[in-house]
Amino acid sequence: MAASSDLKGNYDVFLSFRGTDVRNNFLGHLYAALDQKGIYTYIDSEELQKGEQITPALIKAIEDSRIAIIIFSEDYASSPWCLEEVEKIMECKERRGLTVFPVFYKVEPKEVRTPRGSYREAMVKHENKFGRDLEKVKRWEKALLDAGSLSGWELKDKDEADLIKRIVQEISMQLDRTPLHLKSMLNLESSDDVLMIGLWGQRGIGKTTLAKALYNDIFRQFEASCFLANVRETSKDSKDLVHLQEKLLSKILKGKGLTMSSVDEGINLIQDRLRRKRVLLVLDDVNDIKQLNALAGEFEWFGKGSKIIVTTRDNHLLTIHRIDKDHIHEVKTLKGGEALELFNKHAFLRSKEIVIRKDLVDSALHYANGLPLALVVLGSYLCDRREQEWESALNKLAESLNKTINDVLKLSYDGLEDCEKEIFLDIACFFKGRSIEYIMEVLNSCDFDTTIGVEVLVEKSLITKEWKTVQMHDLIQLMGMDIVKQECHDDPGRCSRIWLCEDVCEVLSGEMGTDAVKAIVLDLPKTEAIYMGLNAFTNMRRLRLLIMINVHNSFQGPICLPNGLRCFQWPECPSVLKFPPGPKKLVRLDMCKSNIQVVVDQFKDFKNLKFLYFSECLSMVCMPNLDFCPNLEELDLNGCKNLEHAHESIAYHAKLRLLNLKGCSNLHHLPDILQPKNLQHLNLSGCSKLQRFPDILDKMKCLQQLFLDETSIEELPASIENLVSLEDLSLSKCKKLANLPSSIYKLANLESLTLDGCSKLIKFPKKEEDSTDLHSKTGFPKLRSLWLNGCNLQEVEFLENHSCFPFLMELDLSENNFAKLPTCGHLHNLFTLEVSDCRQLQEIGEVSGLLIELQARNCESLSKIPSDILSINRLFREWVRSEVRLSLPL
1 MAASSDLKGN YDVFLSFRGT DVRNNFLGHL YAALDQKGIY TYIDSEELQK GEQITPALIK
61 AIEDSRIAII IFSEDYASSP WCLEEVEKIM ECKERRGLTV FPVFYKVEPK EVRTPRGSYR
121 EAMVKHENKF GRDLEKVKRW EKALLDAGSL SGWELKDKDE ADLIKRIVQE ISMQLDRTPL
181 HLKSMLNLES SDDVLMIGLW GQRGIGKTTL AKALYNDIFR QFEASCFLAN VRETSKDSKD
241 LVHLQEKLLS KILKGKGLTM SSVDEGINLI QDRLRRKRVL LVLDDVNDIK QLNALAGEFE
301 WFGKGSKIIV TTRDNHLLTI HRIDKDHIHE VKTLKGGEAL ELFNKHAFLR SKEIVIRKDL
361 VDSALHYANG LPLALVVLGS YLCDRREQEW ESALNKLAES LNKTINDVLK LSYDGLEDCE
421 KEIFLDIACF FKGRSIEYIM EVLNSCDFDT TIGVEVLVEK SLITKEWKTV QMHDLIQLMG
481 MDIVKQECHD DPGRCSRIWL CEDVCEVLSG EMGTDAVKAI VLDLPKTEAI YMGLNAFTNM
541 RRLRLLIMIN VHNSFQGPIC LPNGLRCFQW PECPSVLKFP PGPKKLVRLD MCKSNIQVVV
601 DQFKDFKNLK FLYFSECLSM VCMPNLDFCP NLEELDLNGC KNLEHAHESI AYHAKLRLLN
661 LKGCSNLHHL PDILQPKNLQ HLNLSGCSKL QRFPDILDKM KCLQQLFLDE TSIEELPASI
721 ENLVSLEDLS LSKCKKLANL PSSIYKLANL ESLTLDGCSK LIKFPKKEED STDLHSKTGF
781 PKLRSLWLNG CNLQEVEFLE NHSCFPFLME LDLSENNFAK LPTCGHLHNL FTLEVSDCRQ
841 LQEIGEVSGL LIELQARNCE SLSKIPSDIL SINRLFREWV RSEVRLSLPL
């Protein structure tokens, strides 16, 4: 099974809680019990929770944890801080595979999920308070629903001690899946020997799971560590091996990127950089001696005490690599209680009382035959089913004469709905290892409901989500591919999906496609020429998905595509596309780096088009008329360097959410007025000839990100205040920007403002009081980061206004010309302050007591700093155990 690219966490467990409810009793006892078991637990000091938004340090702690325990107590939902935490925790569960357990402390799960009682009262108060930001409250309610629906523990009047014991047992089991004899084999106490051990066994036996558990259990004992997943799949040629060598060095050297031109150069670099480091390295799913020779060829490559773990299906491979037979472990099928425990975990949820006859459970264990993958998939399939359904499923398995793991896996596939089967087969044939976001975008364009479909596949253990990607065990993938191959009886033109290069070439060059073909995806490692004539796709009337990566058509003419095609992606497409007359179903069109020359009325019949990607199309000189695409949501023209004008239709398009014109260096004109009501992201960075930003006549309630870096804009219009939902505004390196309107303070949702390198900006505006605006008392009420480095500021008096910047955390004023930094003590949340290279700076006023970092290098005129600044930071360091970094002249 594929491993995540970042398996480890700095903490074993993150505890989320409402301190007033549980701090002095349950929480303290739970923390002590976890600590006693050696479980490294993050517990936040609630006295520091002063704001309503969680700090970056806390966000990082959640991201760096392997398990999160959410203690839902009566008053939990009344704290915006706690709700921000649970939202972040559920986001990490979705994107990073964080394991989450809820504890319902004297509340019922339905109170959290619905919500009801104190949770309903709290959410009503939040709705009243955040009336202008109801989306935030909706996100919190969704997080509560998802977290409250998880399997966990419920405490009413039960014995707390017993509950804590059960929690600690479960967490210990989750964290420690490593057999003791493997730890013994690694001889971790020895700091002298470099040791290689091998884990081998059949597919689905759990080699990767075991290696993950071992890695997560011991990585902290090493100077550096790296888990290289799916070596077999990701090293099909020497170029791939070089990439793996680069990845290995990048992980071990903590991001210090190294590039190499050959495997031999990579070998030399690994030896040179790692021979003095004590490292832990896992090479997962190795199938060729060349891989071992390139990544861990000799013991001498690594520092004393290093451990290298290799997983493979081939025991002989370990022997010829000179791994001692005493250091080779065969991973065998699970027996008796171990098999039952794993099966029960997936077949029976702890929160439900389901009684199934013992003989049915025994039959299921018999068919799974001790294979962990089969136990997980079969258990997930039978979960929540009645006895009659168990009997039916197991009878189906009994009818197979030669029962294999494939029969068990296919049982789960057969239980899917038709739409879920289509999604599963697409992932198995085309998209294993791709990002969740990309897969959902592509398959949504094919009219599938992936939000539900993908979750069903996860619940059935047919796929997993790991570090924002979709993974699938190779046995499950092979089952999916086999289902497709059985459709066509050795005639690829009759398969629903085609993905092998030789099959795609045969079908397209011979015009052998039929109505059966639904999807073709060919993703080649390097560019190859394939002949496909005018009518290569003519007979594929049901074709919905066509993706060609690194494919060059040796036929110079146009190609005809069916009107039913929904998703087309062909970077550097050399051909002109033709469609039959009539309406088109195309939803997604991606022809980046092609020679397409758009004419204004080109997309007249493309009413369903939602995503249009023409980045780096250097032949494009004009933009299409978007009136012909009323449902368009994203338009990407990044790097179209010869584009000169933006079509007027972008000014008022009703559904456009993203407009990317980054790097359109000849673009010099936008519509005079900009009013697309659903636009969320606008990128004009690198449009170096653009001198004017349009007026915003009415409030734009959706735009959240606006990037104007490296443009020739001289000023922003006062109507910028109408971007009422804007969160990120960037004007980095706008060399001609001389003025900012004072109305910029009315951007009440702005979180980040970047103005670095605006060398003509002499003054940042002061906030003007407006007695007619009841909401203008606070300026920048949500701003967290303000970057003004490399401007030409002569003074920074705007910081003196106590009604502005209440949540500012990062302030960079370096490379400016002001002489005095006024008192900033009222900036209570300021963590980082940068004034380096301010050559005229003479005095720094009072600063926030929470300041962690002050950088003031090369301030050669500085003579006065607050007398208490060092003691303030020492106190803060003691309180939160943060490292203070002060760089001041002596």
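full-length UniProt numbering puts the first residue of the sequence shown at 1, with every later residue one more than the last.
Quick reminder that beta carbons are idealized off the backbone N, C-alpha and C, glycines included.
The structure presented is a predicted model; accordingly, all values stated were derived computationally and were not measured.
### Task
Give the DSSP-derived three-state secondary structure of residue 754 in the structure shown.
By one-based count along the sequence shown, residue 754 stands at place 754. Three-state result, residue 754: strand.
### Query
Start and end of the beta strand (DSSP E) containing residue 65?
Taking the first residue of the sequence shown as position 1, residue 65 is located at position 65. Note, residue 65: beta strand (DSSP E), 65-72.
### Message
Output needed for residue 863: all residues of its chain with C-beta closer than 8 Å, excluding positions within five of it in sequence on either side, in chain order.
### Response
As a position in the sequence shown, residue 863 is number 863, starting the count at 1. Same-chain partners within the cutoff: 842 and 843.
### Query
From this set, 556, 588 and 563, which residue's C-alpha is nearest residue 570's C-alpha?
Here residue 570 refers to the residue found at position 570 when the sequence shown is read from its first residue. Measuring from the Cα of residue 570, the nearest candidate turns out to be 588.
### Query
Between residue 14 and the rest of its own chain, which residues show a CB-CB distance below 8 Å, the 5 nearest in sequence each way excluded?
Taking the sequence shown and counting its residues from 1, the one referred to as residue 14 is at position 14. Answer for residue 14: 41, 42, 61, 62, 65, 67, 68, 69 and 89, listed in chain order.
### Message
For residue 308 and residue 326, I'd like the C-alpha separation in whole angstroms.
### Response
The sequence position of residue 308 within the sequence shown is 308, counting from 1. The sequence position of residue 326 within the sequence shown is 326, counting from 1. In this model, residue 308 and residue 326 are separated by some 15 Å (Cα to Cα).
### Query
Considering only the beta carbon of each residue, do residue 670 and residue 694 sit closer than 8 Å?
One-based indexing of the sequence shown puts residue 670 at position 670. One-based indexing of the sequence shown puts residue 694 at position 694. A contact, by the Cβ cut-off of 8 Å.
### Message
DSSP has residue 497 in a bridge; who is on the other side?
### Response
For the purposes of this step, residue 497 is taken as the residue at position 497 of the sequence shown. DSSP output for residue 497 lists 519 as bridge partner(s).
### Query
Which partner residues of residue 900 appear in the DSSP bridge assignment?
What the structure shows of the chain is the stretch from 1 to 890, and residue 900 is not part of that stretch, so it cannot be assessed.
### Query
The beta strand (DSSP E) with residue 282 in it runs from where to where?
Start at 1 with the first residue of the sequence shown, and residue 282 comes out as number 282. That run of the beta strand (DSSP E) goes 279-286.
### Task
Tell me whether residue 729 sits in a helix, a strand or coil according to DSSP, three-state version.
The residue given as residue 729 occupies position 729 in the sequence shown. Assignment of residue 729 by DSSP, reduced to helix, strand and coil, places it in the strand class.
### Message
What does the alpha-carbon distance come out to for the pair residue 79 and residue 726?
### Response
Residue mapping note: residue 79 aligns to position 79 of the sequence shown, counting from 1. Residue mapping note: residue 726 aligns to position 726 of the sequence shown, counting from 1. Cα to Cα, residue 79 sits roughly 25 Å from residue 726.
### Query
How many angstroms separate the CA atom of residue 620 from the CA atom of residue 635?
Working through the sequence shown from its first residue, we reach residue 620 at position 620. Working through the sequence shown from its first residue, we reach residue 635 at position 635. Rounded to whole angstroms, residue 620 to residue 635 spans 14 Å at the Cα level.
#### Entry: Residue nearest to residue 494 in terms of C-alpha spacing, selected from 382, 484 and 856
Position 494 of the sequence shown, counting from 1, holds the residue named residue 494. The residue with the shortest Cα to Cα distance from residue 494 is 484.
#### Entry: Pairwise C-alpha distance: residue 283 and residue 229
On the sequence shown, position 229 is the one that residue 229 refers to. On the sequence shown, position 283 is the one that residue 283 refers to. When rounded, the distance between both Cα atoms is 7 Å.
### Task
Measure the alpha-carbon distance for residue 123 versus residue 77 and round it to whole angstroms.
Taking the first residue of the sequence shown as position 1, residue 123 is located at position 123. Taking the first residue of the sequence shown as position 1, residue 77 is located at position 77. Approximately 7 Å between the Cα atoms of the pair.
### Query
Can you tell me where the alpha helix (DSSP H) with residue 895 in it begins and where it stops?
This structure cannot speak to residue 895, because the chain is shown only from 1 to 890.
### Message
Among 510, 317 and 214, whose alpha-carbon lies nearest the alpha-carbon of residue 174?
### Response
For the purposes of this step, residue 174 is identified with residue 174 of the sequence shown, where counting begins at 1. Residue 214 is the option with its Cα nearest to residue 174.
### Message
Using only the alpha-carbon positions, how far apart do residue 337 and residue 458 sit?
### Response
As a working mapping, residue 337 is identified with position 337 in the sequence shown. As a working mapping, residue 458 is identified with position 458 in the sequence shown. Roughly 25 Å separates the two Cα atoms.
#### Entry: CB of residue 618 within 8 Å of CB of residue 586, strictly
One-based indexing of the sequence shown puts residue 618 at position 618. One-based indexing of the sequence shown puts residue 586 at position 586. For residue 618 and residue 586, no; Cβs fall outside 8 Å.
### Same chain, Cβ closer than 6 Å to residue 547, five either side skipped, listed in chain order
Within the sequence shown, numbered from 1, the residue matching residue 547 stands at position 547. Around residue 547: 521 and 569.
### Query
Any chance the stretch 437-448 sits against the stretch 403-418, with 3 or more Cβ pairs inside 8 Å?
Here the stretch 437-448 does not lie against the stretch 403-418, with fewer than 3 beta-carbon pairs under 8 Å apart.
#### Entry: Residue environment, residue 105, which counts as buried when at least 16 other CB atoms sit within 10 Å
For the purposes of this step, residue 105 is identified with residue 105 of the sequence shown, where counting begins at 1. That one is buried.
### Message
Suppose you measure from the CA of residue 477 to the CA of residue 429; what does that come to, to the nearest Å?
### Response
Here residue 477 refers to the residue found at position 477 of the sequence shown. Here residue 429 refers to the residue found at position 429 of the sequence shown. Answer to the nearest angstrom: the Cα atoms are 7 Å apart.
### Query
Name the DSSP bridge partner or partners of residue 469?
The residue you call residue 469 lines up with position 469 of the sequence shown. BP columns for residue 469 point to 435 and 466.
### Message
With H, G and I counted as helix, E and B as strand and the rest as coil, what does DSSP make of residue 14?
### Response
For the purposes of this step, residue 14 is taken as the residue at position 14 of the sequence shown. Here residue 14 sits in strand by DSSP.
### Query
How many whole angstroms separate the CB atoms of residue 831 and residue 851, which I take to be in contact at a CB cut-off of 8 Å?
Mapped onto the sequence shown, residue 831 falls at position 831. Mapped onto the sequence shown, residue 851 falls at position 851. Rounded to the nearest angstrom, the Cβ distance from residue 831 to residue 851 is 7 Å, consistent with a contact under 8 Å.
### Query
Between which two residues does the alpha helix (DSSP H) containing residue 142 stretch?
As a first step, residue 142 must be located in the sequence shown, where it is residue number 142. Residue 142 -> alpha helix (DSSP H) spans 134-148.
#### Entry: Strand pairing of residue 225, partner residues [DSSP]
Locating residue 225 in the sequence shown gives position 225, where the first residue counts as 1. In the DSSP assignment, the residues bridged to residue 225 are 280.
### Task
May I ask you to list the residues that DSSP assigns as paired with residue 548?
Taking the first residue of the sequence shown as position 1, residue 548 is located at position 548. Looking at the DSSP assignment, residue 548 forms a beta bridge with 522.
### Task
Give me the Cα-Cα distance between residue 496 and residue 590, rounded to the nearest whole angstrom.
Position 496 of the sequence shown, counted from the first residue, corresponds to residue 496. Position 590 of the sequence shown, counted from the first residue, corresponds to residue 590. Taking the straight line joining both Cα atoms gives about 22 Å.
#### Entry: Segment contact, 8 Å Cβ cut-off, at least three pairs: the stretch 756-769 with the stretch 780-795
Cβ pair count under 8 Å is three or more, so yes.
### Query
For residue 208, which of helix, strand or coil comes out of DSSP?
Here residue 208 refers to the residue found at position 208 of the sequence shown. Reduced to three states, the DSSP call for residue 208 is helix.
### Message
Any heavy atom of the ligand NAD closer than 7 Å to the beta-carbon of residue 676?
### Response
No copy of the ligand NAD occurs in the structure displayed, which carries no ligand at all.
### Message
By the DSSP assignment, the beta strand (DSSP E) with residue 636 in it spans what residues?
### Response
Within the sequence shown, residue 636 is the residue found at index 636, counting from 1. Note, residue 636: beta strand (DSSP E), 634-636.
#### Entry: residue 889 versus residue 839 - alpha carbon distance
Taking the sequence shown and counting its residues from 1, the one referred to as residue 889 is at position 889. Taking the sequence shown and counting its residues from 1, the one referred to as residue 839 is at position 839. At residue 889, the pLDDT of 44 sits below 50, so the modelled position is not reliable and the matter cannot be decided from this model.
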